[in-house]
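A.B. asks: Sharing a structure here in structure tokens format.
In the UniProt record's numbering, the protein residues as written are 1 to 362.
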């Protein structure tokens, strides 16, 4: 199959929408090339030529072997969509996640391998995950007897969203177990989407990750017993850890994403007692409204998109973790009435605030 055949496949594949370029080219190099190299190698094993995977990116197969090369969001998204449509396999993310190793995480991967404890490794992951690109926001907390790692989509990923979600959940679950050099009992992966209607999908997901997998949950998170957080790791190397962390800091500075725009915007939106206006958000970010809108558009986002992400996160917390009346929550989130809030909540989660609160407290 040649490149034209793959373009045609993109246009006609099942129920997926045709490939569309983002309205604003996102050309800032931020994504390590080795993350794309892994998916291209998988494609080649399935008979899809590397040139077809790279169509429309301006890249040649030889560029994939350049360790210090960074891809733009445009280039990376095009590669993954090329492979996604050509492979015609909804479980592609499972294979990709299985193939990802610490070495594919670059200097951050080296820091994780040398970390003294899982707690230190998680702190490192949260601090430096942006070295892998700005598509995700990762955080972790200790909630009673559990450690909870939360992944939030920040940049729209289109049809490949499921691929990336499955892959990174599997990759991080396997990473934690590999750092311990033994399985993690009672681990759980929660996804905000349903199980794919593919034979053995859920079974494969659980087998590859080593964690129980739960679908149709409010958020995407990885949970495991907190009592293993401070166990000494056999790979602990204080000198290597310090050196790798220092290099991570250096790379963050060089790429100018120490606190990237998306993280800053989401931080202000989540911290606001009431939803800020575009003008208020722009002022908090230290720029004009026009500049903020332009910079968000470079990621294919609008102020409304960012506000929707933040509202969803706050709504889940306020409904599930407080006893505030829904009318008060609606007002706090900037809705004119409870009905509008309830409609948005159901769009985000698939069920009403009442059902979510009942499930969270049962």
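Cβ atoms here follow ideal geometry from the backbone N, Cα and C, with glycine treated the same way.
1. Closest by CA to residue 84, which one among 153, 164 and 135?
2. So what's residue 139 in DSSP terms, helix, strand or just coil?
3. Does DSSP put residue 285 in a helix, a strand or coil?
4. Check whether the Cβ atoms of residue 162 and residue 193 sit closer than 8 Å, and answer yes or no.
5. Which term fits residue 363, buried or exposed, when burial requires 16 or more other beta carbons within 10 angstroms of its beta carbon?
6. Kindly indicate the opening and closing residues of the beta strand (DSSP E) around residue 189.
7. State the beta-bridge partners of residue 220 as determined by DSSP.
8. Quick test of the definition: if touching needs 3 or more C-beta pairs under 8 Å, does the stretch 238-253 touch the stretch 109-124?
9. Give the DSSP bridge partners of residue 72, in chain order.
10. If you compare alpha carbons, which of 37, 180, 234 and 158 is closest to residue 103?
11. Run through the DSSP bridge pairs and tell me what residue 45 is partnered with.
12. Less than 8 Å separating the beta-carbons of residue 269 and residue 281?
13. Counting only the same chain and skipping the five closest in sequence on each side, list residues whose C-beta sits under 7 Å from that of residue 195.
14. At a cut-off of 7 Å, would you count residue 158 as near the ligand GTP, judging by its Cβ distance to the nearest heavy atom?
15. For the stretch 289-336, list the alpha helix (DSSP H) runs that are entirely contained and at least 4 residues long, ordered along the chain.
16. Quick one: is residue 81 buried, meaning 16 or more other Cβ sit within 10 Å of its Cβ, or exposed?
17. From residue 141 to residue 220, what does the alpha carbon distance come to, in whole angstroms?
18. For a quick check, are the C-beta atoms of residue 356 and residue 319 less than 8 Å apart?
19. Quick check: residue 184 and residue 177, are their CB atoms within less than 8 Å of each other?
20. Helix, strand or coil for residue 107? Go by DSSP, reduced to three states.
21. So residue 30 and residue 197 are in contact, right, with Cβ under 8 Å, and what is the actual spacing, rounded?
22. Which residues in the same chain as residue 65 place their Cβ atom closer than 7 Å to its Cβ, once the five residues preceding and following it in sequence are excluded?
23. Quick check on the DSSP output: the beta strand (DSSP E) that includes residue 198 runs from which residue to which?
24. Verify whether the separation of the beta carbon atoms of residue 145 and residue 225 is less than 8 Å.
25. Can you name the start and end residues of the alpha helix (DSSP H) that residue 212 belongs to?
26. Would you call residue 314 buried or exposed, if buried means 16 or more other Cβ atoms sit within 10 Å of its Cβ?
27. Report yes or no: do the stretch 38-48 and the stretch 90-105 share at least 3 C-beta pairs separated by less than 8 Å?
28. Measuring only the C-alpha atoms, how far is residue 275 from residue 295?
C.D. replies: In this structure, then:
1. Against the chain shown, residue 84 aligns to sequence position 84. For the residues 153, 164 and 135, the minimum Cα distance to residue 84 belongs to 164.
2. To locate residue 139, count along the chain shown from 1; it is residue 139. Residue state, collapsed to three classes: strand.
3. Locating residue 285 in the chain shown gives position 285, counting from the first residue. Residue 285: coil per DSSP, three-state reduction.
4. In the chain shown, residue 162 corresponds to position 162, counting from 1. In the chain shown, residue 193 corresponds to position 193, counting from 1. Yes. Within cutoff.
5. Only positions 1 to 362 of the chain appear in this structure, which leaves residue 363 out of reach.
6. What you label residue 189 is simply residue 189 of the chain shown in a count that begins at 1. Start and end: 188-190.
7. Stepping through the chain shown from its first residue, residue 220 is reached at position 220. Answer by DSSP bridge pairing, in chain order: 151.
8. yes
9. Position 72 of the chain shown holds residue 72. In DSSP, residue 72 forms a bridge with 29.
10. As a position in the chain shown, residue 103 is number 103, starting the count at 1. Out of 37, 180, 234 and 158, 37 has the C-alpha closest to the C-alpha of residue 103.
11. Counting from 1 along the chain shown, the entry for residue 45 is found at position 45. DSSP, once it has assigned bridges, lists no residue as partnering residue 45.
12. Start at 1 with the first residue of the chain shown, and residue 269 comes out as number 269. Start at 1 with the first residue of the chain shown, and residue 281 comes out as number 281. Yes, they are a contact pair.
13. Residue mapping note: residue 195 aligns to position 195 of the chain shown, counting from 1. Here the set comprises 201, 202 and 215.
14. By its list of ligands, the structure shown contains no ligand whatsoever, and the ligand GTP lies outside what it can speak to.
15. 289-297, 303-321 and 326-332
16. As a first step, residue 81 must be located in the chain shown, where it is residue number 81. Residue 81 should be labelled buried.
17. As a first step, residue 141 must be located in the chain shown, where it is residue number 141. As a first step, residue 220 must be located in the chain shown, where it is residue number 220. Computed Cα separation, rounded: 14 Å.
18. Counted from its first residue, the chain shown places residue 356 at position 356. Counted from its first residue, the chain shown places residue 319 at position 319. Going by C-beta atoms, residue 356 is nearer than 8 Å to residue 319.
19. As a first step, residue 184 must be located in the chain shown, where it is residue number 184. As a first step, residue 177 must be located in the chain shown, where it is residue number 177. Yes; because the gap between Cβ atoms is below 8 Å, this pair is in contact.
20. In the chain shown, counting from the first residue as 1, residue 107 sits at position 107. Three-state result, residue 107: helix.
21. On the chain shown, residue 30 is found 30 positions in, with the first residue counted as 1. On the chain shown, residue 197 is found 197 positions in, with the first residue counted as 1. At roughly 34 Å, the Cβ-Cβ gap does not stay under 8 Å, so residue 30 and residue 197 are not in contact.
22. Numbered from its first residue, the chain shown carries residue 65 at position 65. There are no such residues.
23. Sequence index remark: in the chain shown, residue 198 carries index 198 (1-based). Looking at the DSSP string, residue 198 is not in any beta strand (DSSP E), and its letter there is neither H nor E.
24. On the chain shown, residue 145 is found 145 positions in, with the first residue counted as 1. On the chain shown, residue 225 is found 225 positions in, with the first residue counted as 1. Yes, the Cβ-Cβ distance between residue 145 and residue 225 is below 8 Å.
25. For the purposes of this step, residue 212 is identified with residue 212 of the chain shown, where counting begins at 1. Segment 212-214 is the beta strand (DSSP E) holding residue 212; no alpha helix (DSSP H) there.
26. Against the chain shown, residue 314 aligns to sequence position 314. Looking at its Cβ environment, which holds 16 or more other Cβ atoms inside 10 Å, residue 314 is buried.
27. yes
28. As a first step, residue 275 is located in the chain shown; it is residue number 275 there, counting from the start. As a first step, residue 295 is located in the chain shown; it is residue number 295 there, counting from the start. Taking the straight line joining both Cα atoms gives about 20 Å.
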